[in-house]
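Since the structure comes first, as structure tokens, the remarks are kept for the end.
In the numbering used here, the protein residues as written are 13 to 766.
Here it is, written out as structure tokens:
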């Protein structure tokens, strides 16, 4: 059988293996960490360069957009408030804005003709007017010199600074283009802003920015040795590049790299991009970083591209890699020599400690009665360890003897407790705090059990056995424990409860019998009351019908009395009219009587005259005969007139008498109508009182009828309740008998005295 390696050799091989693996891992981790650190450092360096240059580019472009926005607001507010703008003021504002913002190359206004000012052909190409005379100033600042130029023609076909804002409805940055400044073609871009009036697009205003400084800054940007930067727009137009001859060209004109060709589309996603590939400019494997940015909420994106050769930022990593490998090999060899020496010493000391511990474990396992000391005389850790082990072996041996004595006493106490005798105490002690603590806990437990339960559990068991047999007369004597006292109290409570239950059951049985008798009487009376109420309700129904009919008749009588009052009033009115007519007839008859008196006097005078005429005629003789005849006729007529007048007078006097009689009769009729009307009013009052009383009687009878009906319903319910009560009384009687029976089945003190 192959001999196994010693601990020292295995420790040596293990440590050397661990050292080897650790060295390899540390070398790898250092190399990896250095690579990552170098890459992170390079990326941080490139990020800082990118951030600085992106921010500078954004600041310039954003400022241009902000200026155009403020310039557009200047016109929109003026138009909205109907302010009278002056051309001189507008040109002055533009000049001041150019002087305050030296980065701005030019300011221009492109507002439809007739909106701000009328088009004046006489001002064509003068003071900011175009060739048609429309006010469209273009003011530039070239090296501190301000010039006012005419704007582009309103009908000019290609005007992105107008078409872009009109189509987007917001700020717009044009594609960069070359523009001659002092005879030099300079790359510029325009930031335009739409102008609206009453919701309608009327033109644009904007700012022109020279991109020369931005392009030169990007050109001069160096990253490590061969790294460089470039700046492009979302259309792919190159704004910054190491070679300025490519400015304003499209990226697809200088590169065939698919990543770079797809960049214009990806810039609009506004996400940082990374790419590794061959740089077509220098042929080196490079890391490309693209940082897109939006120009002041315009939706226009530009992008800064950084290209850095990978090998230029990994130089430190290669150096650290070889340094780590060499230092790891040297460290491994030195560690192996030191560990080999120390493992030999360790092996010798471990053998001595093993022999000493083996002897001690044999003593613990009762294999031997004594132990051997560990013999190590060195003053190192092993010597200290051997001394401490020897001291502890002696102490443990002494403590074990005490522990055995304590455990034996615990066994005796446990046996007594098993027999039910709880009042026991453990007196032995030990150096083992756990055993002492256990002893204290057991003693406290036994004391608490003795106080709470009993000194002798057998007394409790006897009591419980008696209670289990339903005999509650048993009591625990000398009850010292709380449970003993509780059981005795429990037995007393049960005993009292059983006595009370039996008394209650007997009383309940007696009461249920009386209740049954009363319920039967109540049931009979309820049924009789219900029948009587039904008859009373029927009689009241008939009375209610009669009173209702009487009420109707009284109402009719009241109506007839009112109609009679009306008729009496009409008769009285007619009688009064008759009296009036009689008075008028009396007056007319009096007038006729006077007229008849006059006629009678006339007839009397005529008769006298005719008599005198006859005397004269007789005196005249023959000549007066004819006149005598006439006088005679006149006399006859006068006599007849007098007779007629007397007859008429008699008739008139008769008529006066009759009219006076009629007047007296009409007066008596009026008095009679007045008396009749008073009696009718009294009759109406009596009828109204009778009507009210009848209605009150009807209402009272109806209320009595409703009450009788309600009482009848309640009586029916009482009858039903009495039936249910009889059932409850029967059940109560049965329950009382069951309670008495259950109580009699148990044994308790005072059972026979009830």
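Think of the CB as a built atom: it goes at the ideal place given N, C-alpha and C, for glycine as much as any other residue.
- For the region 249-298, the continuous beta strand (DSSP E) assignments of 3+ residues that do not extend past its boundaries occur at 250-252, 285-290, in sequence order.
- Excluding sequence positions up to five before and after residue 499, its CB lies within less than 7 Å of the CB of 472, 475, 488, all in the same chain and listed in chain order.
- For residue 233, the CB contacts under 6 Å within the same chain, skipping 5 residues up- and downstream, are 241 in chain order.
- With a contact defined as Cβ atoms closer than 8 Å, residue 239 and residue 319 qualify at about 6 Å.
- When only Cα atoms are considered, residue 373 and residue 334 end up about 54 Å apart.
- In the three-state reduction of the DSSP assignment, residue 350 falls in the helix class, which pools H, G and I.
- Here residue 600 is exposed: its Cβ has fewer than 16 other Cβ atoms, across all protein chains shown, within 10 Å.
- Under the criterion of beta carbons closer than 8 Å, residue 718 and residue 545 do not qualify as touching, at roughly 13 Å.
- The alpha-carbon separation between residue 508 and residue 754 amounts to approximately 15 Å.
- Within 10 angstroms of the beta-carbon of residue 291 lie 16 or more other beta-carbons, which makes it buried.
- Residue range 116-123 is occupied by the beta strand (DSSP E) that includes residue 119.
- DSSP places residue 141 in the strand class (E or B) of the three-state scheme.
- Taking every protein chain shown into account, the CB of residue 159 has fewer than 16 other CB atoms within 10 angstroms, so this residue is exposed.
- Distance between residue 261 and residue 190, taken at the CA atoms: about 11 Å.
- Checking the DSSP bridge columns, you'll see residue 413 has no partner listed.
- Selection 434, 537, 355 evaluated against residue 462 yields 434 as nearest (Cα-Cα).
- For residue 133, DSSP records no beta bridge to any residue.
- Relative to residue 103, the option among 142, 127, 60, 150 whose CA is nearest is 150.
- Of the residues assessed, residue 133 falls on the exposed side of the cut-off, its CB having fewer than 16 other CB atoms within 10 angstroms.
- Two segments are said to touch when three or more pairs of C-beta atoms, one from each, lie closer than 8 Å; by this definition the region 59-71 touches the region 299-311.
- Going by beta carbons, residue 309 and residue 205 fall outside the 9 Å limit.
- At the C-beta level, residue 548 and residue 720 come within 9 Å of one another.
- In the structure shown, residue 162 falls within a strand segment according to DSSP collapsed to helix, strand and coil.
- Nearest Cα to residue 71 within the set 221, 56, 407: 221.
- Under the three-state reduction of DSSP output, residue 205 falls in the strand class.
- Under the three-state reduction of DSSP output, residue 127 falls in the coil class, being neither helix nor strand.
- In the three-state reduction of the DSSP assignment, residue 571 falls in the helix class, which pools H, G and I.
- For residue 220, the enclosing beta strand (DSSP E) covers residues 212-222.
- A direct Cα-to-Cα measurement between residue 405 and residue 377 gives close to 14 Å.
- In the DSSP assignment, residue 453 falls within the alpha helix (DSSP H) that extends over 445-464.
- The beta carbon of residue 682 lies closer than 8 Å to those of 584, 587, 588, 591 in the same chain, with the five residues before and after it left out.
- Across the structure, residue 63 and residue 244 are spaced so that their CA atoms are roughly 16 Å apart.
- Taking C-alpha positions only, residue 315 is separated from residue 201 by approximately 15 Å.
- Counting along the chain, residue 192 sits inside the beta strand (DSSP E) bounded by residues 189-193.
- Every candidate alpha helix (DSSP H) stretch fails here, since none sits fully inside the region 41-83 while reaching 4 residues.
- Bridge pairing for residue 157: 154 [DSSP].
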